[in-house]
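J.:
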Amino acid sequence: MRPSPTDAELITYYSVLWSSQIAHKNIVQQLEEKLASYKPEANEIDFEYSELKEQRLELVRVSQDNDTLLKNRLILAAQADQNKLDLLNLNQQFDKQKVKYGLFQAKVTLALSGVIL
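First residue of the sequence shown: 11, per the working numbering; consecutive thereafter.
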């Protein structure tokens with residue numbers, strides 16, 4: 011038969027348990043605050059992506075129009091080439107946006123894993 015724990019041992023046990031729960035609650039609260047602070051950044055990334063997407067659709071449309079105009083010799087090749095260069099630059103911005111989004115996802119994943127940056 012096991013000896014019963016003393017009152018002092020029970021008090022110590024419950025004190026440690028209580029402290030542990032308070033620490034856990036504080037960590038969860040910090041993580042919730044950190045995740046909430048990421049919301050503006052997420053909104054900014056989403057807005058920038060939407061803007062780039064609209065610009066790309068417009069540049070593709072203009073590029074197609076310029077190809078038709080160039081075939082009919084209604085614009086110079088330099089004008090059509092400038093549009094294609096703009097489209098390449100926009101694609102680079104898309105790539106940068108993808109990297110920015112990837113870094114943001116990594117921060118969120120770390121936060122969800124308990125790492126507070």
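Note that CB positions come from ideal geometry on N, CA and C, so glycine has one too.
Nearest-angstrom Cα distance between A121 and L80?
T.: Translated into positions along the sequence shown, residue 121 becomes position 111. Translated into positions along the sequence shown, residue 80 becomes position 70. Going by the C-alpha atoms only, they are around 53 Å apart.
J.: Is V72 helix, strand or coil by DSSP?
T.: Taking the sequence shown and counting its residues from 1, the one referred to as residue 72 is at position 62. Of the three classes helix, strand and coil, the one that applies to V72 here is helix, per DSSP.
J.: Around the C-beta of N101, are 16 or more other C-beta atoms found within 10 angstroms, so that it is buried, or is it exposed?
T.: Taking the first residue of the sequence shown as 1, we reach residue 101 at position 91. When all chains shown are included, N101 counts as exposed.
J.: Which residues in the same chain as Y48 place their Cβ atom closer than 8 Å to its Cβ, once the five residues preceding and following it in sequence are excluded?
T.: The sequence position of residue 48 within the sequence shown is 38, counting from 1. Closer than 8 Å at Cβ, skipping near neighbours: F114, K117, V118, A121.
J.: Using 10 angstroms around the beta-carbon of N93, count the other beta-carbons present and answer buried if the total reaches 16, otherwise exposed.
T.: In the sequence shown, the residue the question calls residue 93 occupies position 83. By the neighbour-count rule (16 or more Cβ atoms within 10 Å), N93 is buried.
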